[in-house]
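In the working numbering, the protein residues as written are 1 to 595. For each residue, glycine too, the CB sits at the ideal point set by N, CA and C. Since we're looking at a predicted model, the values are computed, not measured. Accompanying notes for the structure given below.
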């Protein structure tokens with residue numbers, strides 16, 4: 001019987017080991033397992049209990065696991081292996097206080113083994129005691145200088161504590177003490193050296209990462225930037241030319257190479273670069289991608305609409321359209337460039353072609369209608385907006401554009417119906433959209449002579465968007481139309497607009513020559529104040545005038561667009577649109593009717 005019992009116990013123990021071993025090696029296991037070495041347990045009963053506890057840990061029954069580990073501890077008191085298992089189990093159920101207690105017990109139970117000391121700082125970090133964890137790691141490394149496994153977590157902890165210098169020193173020691181540090185460690189060091197500005201070390205780390213991760217171009221690109229900052233242009237060119245050879249169709253790399261060629265005086269190579277690119281490139285998409293990169297730079301404020309980059313972008317788009325006259329991306333982008341440069345009629349014509357290619361985009365209908373409206377082609381703008389609404393009923397931006405077109409055509413009654421429909425279709429939280437529609441209603445009511453209704457609509461617009469330039473300009477135009485409010489309208493352009501002897505008027509380079517009071521009122525600038533009581537007459541018209549993507553003032557020149565005398569039926573109330581986002585058909589930017 002005794003022999004059978006021993007055999008059965010042995011089989012149970014063997015089975016327990018097998019179960020745990022299979023669990024730990026099971027593919028796809030996502031549960032972190034405690035690092036428990038049962039070989040140190042000499043008591044067979046304790047070992048069996050620990051194995052059962054580990055099994056329960058795998059099954060995420062941490063309370064049951066703790067019960068097994070505590071029973072095992074009775075058979076092997078002070079055993080660091082069991083204490084560590086208890087620490088892990090308590091941590092797994094977020095009982096950090098107990099986990100820290102058992103981790104300290106494990107460290108004290110085996111002070112000569114660094115393995116049993118590592119769990120304590122890890123748990124301290126989990127508990128948010130970062131300074132304490134760093135101090136524990138330092139003590140551990142002071143006692144066991146060769147225990148390099150503790151050095152990397154200390155470096156990362158110091159990085160988290162913004163101790164950049166100490167972190168880098170620890171990283172360097174770790175790398176020097178490790179036969180083959182992982183690339184991710186060098187990547188972490190790279191970010192820290194970038195913060196310190198240590199360009200020599202930065203170059204060394206970049207070279208290491210380039211050797212390790214040759215297929216990752218980002219490190220070579222960063223090295224190019226470093227060499228350019230150090231004015232080592234030839235070294236930068238060598239790497240950049242290599243990158244271009246590897247990816248000849250990258251417009252971003254070609255742009256950087258062109259810039260560097262010009263910087264070192266190799267202008268002929270810079271000029272020939274894009275010609276060679278176009279000759280070698282049969283892919284229209286690559287030509288469009290190159291042009292788009294230029295537009296992205298301009299929208300980031302790195303250029304002007306009349307720059308050589310813009311001309312080059314137009315040329316690339318024209319080349320693309322020569323090869324494929326219906327390429328939608330090229331048409332959209334060329335329309336955008338024409339619009340941003342003020343060539344609104346050209347923008348409208350190009351966007352008409354884009355609509356013929358793909359009419360299934362409501363934003364494209366809106367952009368085309370806005371371009372024609374800005375060019376003074378109100379009838380065409382209204383027609384496009386109406387066609388778009390047939391395909392996309394209730395689209396707010398199309399209703400808004402159609403309403404402003406109808407105002408310009410002198411059909412204020414119809415415009416009102418479009419603005420009212422737009423308000424019904426606009427979601428409640430869209431305050432700016434509601435404000436623009438109310439501003440349009442105010443202008444339409446003003447045109448038909450409903451002064452009180454106009455004032456009410458404009459007051460609502462101001463309440464919704466008090467800093468919105470379109471709304472503020474609409475208010476100024478309304479005041480200019482009402483002779484009884486003419487003095488307030490004059491105040492909206494500041495003291496320099498008041499009539500008086502030319503010699504007494506202050507000279508301001510940012511103010512246009514004096515014109516009629518009506519014209520002055522509708523060209524209200526960002527410095528203006530409308531005087532008077534609260535409501536329309538008491539709002540300050542300051543700020544809020546965003547630049548266009550190309551850095552110019554968003555307001556049109558006083559002489560741009562039709563003159564007031566040329567606009568029929570009170571079209572002076574129409575808020576001329578000044579920009580839209582046309583770089584990609586799927587993007588929607590803020591609408592701006594140029595009030």
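Original post:
Between the stretch 86 to 101 and the stretch 130 to 140, are three or more C-beta pairs nearer than 8 Å?
Top reply: no
**OP:** Use the C-beta contact count for residue 260: other C-beta atoms within 10 angstroms, 16 or more gives buried, fewer gives exposed.
**Re:** buried
Subject >> Within 8 Å, strictly: CB atoms of residue 454 and residue 478 >> reply: yes
Original post:
Going straight from the alpha carbon of residue 356 to that of residue 401, what length do you get?
Top reply: 20 Å
Original post:
Which ranges would you report for the alpha helix (DSSP H) in the stretch 69 to 131 if only whole runs of at least 4 residues count?
Top reply: Here the runs fully enclosed are 80 to 92, 96 to 109 and 119 to 126.
Original post:
Per DSSP, what kind of secondary structure is residue 468 in: helix, strand or coil?
Top reply: coil
Original post:
How would you write the range of the alpha helix (DSSP H) that residue 346 sits in, first residue to last?
Top reply: 344 to 357
**OP:** Starting from the N-terminal side, write out each stretch of the alpha helix (DSSP H) that is 4 residues or longer and does not extend beyond the stretch 389 to 423.
**Re:** 396 to 408
**OP:** Would you check if the distance between the CB atom of residue 436 and the CB atom of residue 407 is smaller than 8 Å?
**Re:** no
Original post:
Do you know how far the Cα of residue 313 is from the Cα of residue 271?
Top reply: 14 Å
Original post:
How about residue 206 and residue 217: do their beta carbons lie closer than 8 Å?
Top reply: no
**OP:** Go ahead and pull the three-state DSSP assignment for residue 268.
**Re:** helix
**OP:** Write down the C-beta distance between residue 328 and residue 291 rounded to the nearest angstrom, noting that I regard them as a contact closer than 8 Å.
**Re:** The pair is not a contact, with the Cβ atoms about 14 Å apart (cut-off 8 Å).
**OP:** Would you check if the stretch 224 to 234 and the stretch 197 to 216 touch, i.e. whether three or more CB-CB distances between them fall below 8 Å?
**Re:** yes
Subject >> Segment contact, 8 Å Cβ cut-off, at least three pairs: the stretch 383 to 396 with the stretch 359 to 375 >> reply: yes
Original post:
Taking just the CA atoms, how far does residue 405 sit from residue 434?
Top reply: One alpha carbon belongs to residue 434, the other to residue 405, and they sit about 18 Å apart.
**OP:** State the Cα-Cα distance for the pair residue 340 and residue 159, rounded to the nearest angstrom.
**Re:** 46 Å
Subject >> Pair within 8 Å by beta-carbon distance, residue 83 and residue 109 >> reply: The answer is yes: Cβ separation under 8 Å.
**OP:** Taking residue 391 and residue 372 to be in contact with their CB atoms under 8 Å, please state how far apart those CB atoms are, rounded to whole angstroms.
**Re:** In this structure residue 391 is not in contact with residue 372, their Cβ atoms being roughly 17 Å apart against a cut-off of 8 Å.
Subject >> 8 Å Cβ shell around residue 63 - same chain, five flanking residues per side excluded >> reply: 93
Subject >> Neighbour flag for residue 213 against chain D, beta carbons, 8 Å >> reply: Any reference to chain D falls outside this structure, which holds one protein chain only.
Subject >> Separation of residue 411 from residue 429, as counted between CA atoms >> reply: 30 Å
**OP:** Measuring alpha carbon to alpha carbon, tell me which of 140, 194 and 178 ends up nearest residue 164.
**Re:** 194
Original post:
Run through DSSP, which three-state label would residue 318 get?
Top reply: Reduced to three states, the DSSP call for residue 318 is helix.
Original post:
Do residue 140 and residue 121 have their C-beta atoms within less than 8 Å of each other?
Top reply: yes
**OP:** Using the Cα positions of residue 107 and residue 248, report the straight-line distance between them to the nearest angstrom.
**Re:** 59 Å
**OP:** Find the nearest neighbour of residue 59 within the set 80, 47 and 89, judged by alpha-carbon distance.
**Re:** 89
Original post:
With DSSP run on the structure shown, which of helix, strand or coil describes residue 482?
Top reply: Coil.
Original post:
What did DSSP end up calling residue 230 once you bin it into helix, strand or coil?
Top reply: coil
Subject >> Helix, strand or coil at residue 383 [DSSP, three-state] >> reply: helix
**OP:** Jot down the residue ranges of each uninterrupted alpha helix (DSSP H) in the stretch 168 to 249, minimum 4 residues, whole runs only, in chain order.
**Re:** 183 to 196, 199 to 212, 217 to 229 and 233 to 246
Original post:
Based on Cα-Cα distance, which residue from 324, 265 and 254 lies nearest to residue 294?
Top reply: 254
Original post:
Using DSSP with H/G/I as helix, E/B as strand and the rest coil, what is residue 251?
Top reply: helix
Subject >> Nearest candidate by alpha-carbon position, reference residue 43, set 61, 76, 71 and 442 >> reply: Checked all of 61, 76, 71 and 442; the closest Cα to residue 43 is 76.
Subject >> Reference residue 126; option with closest CA among 150, 91, 81 and 148 >> reply: 91
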